[in-house]
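Its first residue numbered 1, the sequence shown is counted upward by one per residue in full-length UniProt numbering. C-beta atoms are modelled at their ideal positions from N, C-alpha and C, and glycine is treated no differently. Please read all numbers here as calculations on a predicted model, not as lab measurements. A short write-up of the structure that comes next.
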Amino acid sequence: MKICVMPGDGIGPEIMEQGVKVLNVIGEKFGHKFETTEALIGGAAIDATGVPLPDETVKACKESDAVLLGAVGGPKWDTIDPAIRPEKGLLGIRKELSLFANLRPAALFPQLKDACFLRPDIVEKGIDIMVVRELTGGIYFGEPRGTKVENGERMGYNTMVYYEHEVKRIAKVAFEAAQKRNKKLCSVDKANVLDVSRVWREIVIEVSKDYPDVELTHMYVDNAAMQLVRDPSQFDVIVTGNLFGDILSDEASVITGSIGMLPSASLGASNPGLYEPIHGSAPDIAGENKANPLATILSIAMMLRYSFNMAEEADCIESAVEKTLSEGLRTGDIMDVGGKLVGCTEMGEAVIKNL
Ligand code: NAI
Ligand code: MG
1 MKICVMPGDG IGPEIMEQGV KVLNVIGEKF GHKFETTEAL IGGAAIDATG
51 VPLPDETVKA CKESDAVLLG AVGGPKWDTI DPAIRPEKGL LGIRKELSLF
101 ANLRPAALFP QLKDACFLRP DIVEKGIDIM VVRELTGGIY FGEPRGTKVE
151 NGERMGYNTM VYYEHEVKRI AKVAFEAAQK RNKKLCSVDK ANVLDVSRVW
201 REIVIEVSKD YPDVELTHMY VDNAAMQLVR DPSQFDVIVT GNLFGDILSD
251 EASVITGSIG MLPSASLGAS NPGLYEPIHG SAPDIAGENK ANPLATILSI
301 AMMLRYSFNM AEEADCIESA VEKTLSEGLR TGDIMDVGGK LVGCTEMGEA
351 VIKNL
């Protein structure tokens, strides 16, 4: 299996170093050959080549079976031409690989439950949700869009559009994710008001016929926003459009604690999937061996599960992370629940020991 590794900027190289070590240990343990190649993206690529997404990087990604990304950006590049900002590298590679599905798990590790601000009786029921967000359609891309002056008054407009093929493919990803989890899928829309949602719902129901083992429910987005904090234990997989998913995935992740713990996957139809922590390059702690590598390590578990169908290997990583947390090891970002303060390297090594 060929994996393109893009450490990026800030804490990117530190967390990725731990991640790649974990991947190599999994390779040895289970007898797989993971061949990694490094590529430049973001600020690191700007410094070396003048652009945030060099052609060689795109080529290296397309020739791989999966892509791992650290994070991009930082104050060093804040003042450069907006057309070549580091973030352009990230948007560019998502587009190049046509990554239309964004998977964001939000699981609360029992060891960190004291960091959750929900009531203890709600937390006790457990939180383990996967938000599947459509990433390349909907109101962020729909036409017509723009601003104009009408009758002497300024106005702005965007259009929420979903085509059948777009809904079908995201629904399939969500049903398949549900099959790998607890076989429950909740499709979130606003079908009581929006025509686009009525089509969305119709198509999701059609796709569900191919997944009789998955229980499908529907929920309006305003109710979903409320239910996520009222009783998150009711959800397994949530599938929704770009705008609703943007908001709900942030809401889901904040109820489970630290940004340093949360992985993500972005998947396309035939291109390699891209796996990355949800956090940024954390320039405030970069180079200080303070970063939490667990979001990156858990992103690697997602890569094994979703790109390579290696459920056992993914479980092994997730259990090792849990064991490490049970031993009380904490990086600064999760120190508020108490434990032994460790650095990025120590955390990575503890996970490897527990593999
Ligand atoms: P950030 O996620 O980098 O940092 C927010 C806060 O969380 C900081 O205090 C940071 O120290 C902490 N933090 C983040 N990840 C951590 C980890 N693994 N361990 C411990 N603490 C961690 O977001 P911010 O500060 O808004 O952005 C910094 C830079 O990152 C900007 O240039 C931004 O554009 C970029 N960024 C890149 C993303 C990506 O590559 N996917 C996503 C978000 C931001
Ligand atoms: Mg967002």
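Collapsed DSSP secondary structure at residue i in the structure displayed
| i | result |
| --- | --- |
| D128 | strand |
| V72 | coil |
| P293 | coil |
| G241 | coil |
| M310 | coil |
| Y157 | strand |
| R330 | strand |
| A66 | strand |
| S270 | coil |
| E288 | coil |
| E143 | coil |
| P120 | helix |
| P110 | helix |
| L341 | strand |
| P283 | coil |
Limits of the unbroken beta strand (DSSP E) element including residue i
| i | result |
| --- | --- |
| I84 | Careful: I84 lies outside any beta strand (DSSP E) and carries neither H nor E. |
| G146 | 146-150 |
| L103 | 101-107 |
| C186 | 184-189 |
| L216 | 215-220 |
| T79 | Premise fails: T79 is in no beta strand (DSSP E) and is neither H nor E. |
| residue 439 | This structure does not reach residue 439, given that the chain is present from 1 up to 355, and the question cannot be answered. |
Bounding residues of the alpha helix (DSSP H) (the contiguous stretch that carries residue i)
| i | result |
| --- | --- |
| M6 | Taken as a continuous stretch (DSSP letters only), M6 belongs to no alpha helix (DSSP H), being part of the beta strand (DSSP E) at 2-8. |
| P263 | Segment 263-267 is the beta strand (DSSP E) holding P263; no alpha helix (DSSP H) there. |
| V196 | 195-208 |
| H165 | 164-180 |
| N24 | 12-30 |
| G42 | 42-49 |
Neighbour-count burial assignment, residue i, 16 or more Cβ in a 10 Å radius
| i | result |
| --- | --- |
| N24 | exposed |
| L91 | exposed |
| V5 | buried |
| V149 | exposed |
| R305 | buried |
| M155 | exposed |
| M226 | exposed |
| N102 | buried |
| G126 | exposed |
| K340 | exposed |
| G260 | buried |
| P82 | exposed |
CB of residue i within 8 Å of CB of residue j, strictly
| i | j | result |
| --- | --- | --- |
| A320 | L355 | yes |
| G70 | T331 | no |
| E96 | G137 | no |
| F100 | L68 | no |
| I334 | A60 | no |
| A350 | E327 | yes |
| V207 | F244 | no |
| V188 | I238 | yes |
| K168 | I203 | yes |
| M347 | P293 | yes |
| D9 | G42 | yes |
Neighbourhood of residue i by C-beta distance below 6 Å, restricted to the same chain and skipping five residues each side
| i | result |
| --- | --- |
| G152 | none |
| A301 | A314, I317, E318 |
| M303 | A66, Y275 |
| M160 | G138, I139, G142, V196 |
| L325 | F109, Q111 |
| A265 | L103, G273, Y275, M302, Y306 |
Same chain, Cβ closer than 8 Å to residue i, neighbours up to 5 away in sequence not counted
| i | result |
| --- | --- |
| E80 | Before going on, a small fix: residue 80 reads as Ile here, not Glu. Cβ neighbours of I80 beyond the five flanking positions: I46. |
| S64 | K2, I3, C4, T37, P272 |
| G268 | L97, S98, L99, F100, A101 |
| I205 | L216 |
Cβ of residue i within 8 Å of any chain B Cβ
| i | result |
| --- | --- |
| L216 | Judged by its chain identifiers, the structure shown contains no chain B, having just a single protein chain. |
Contact set for residue i: own chain, Cβ-Cβ below 7 Å, skip 5 residues either direction
| i | result |
| --- | --- |
| I352 | K21, V22, V25 |
| N158 | I139, G142, R145 |
| E251 | A225, L228 |
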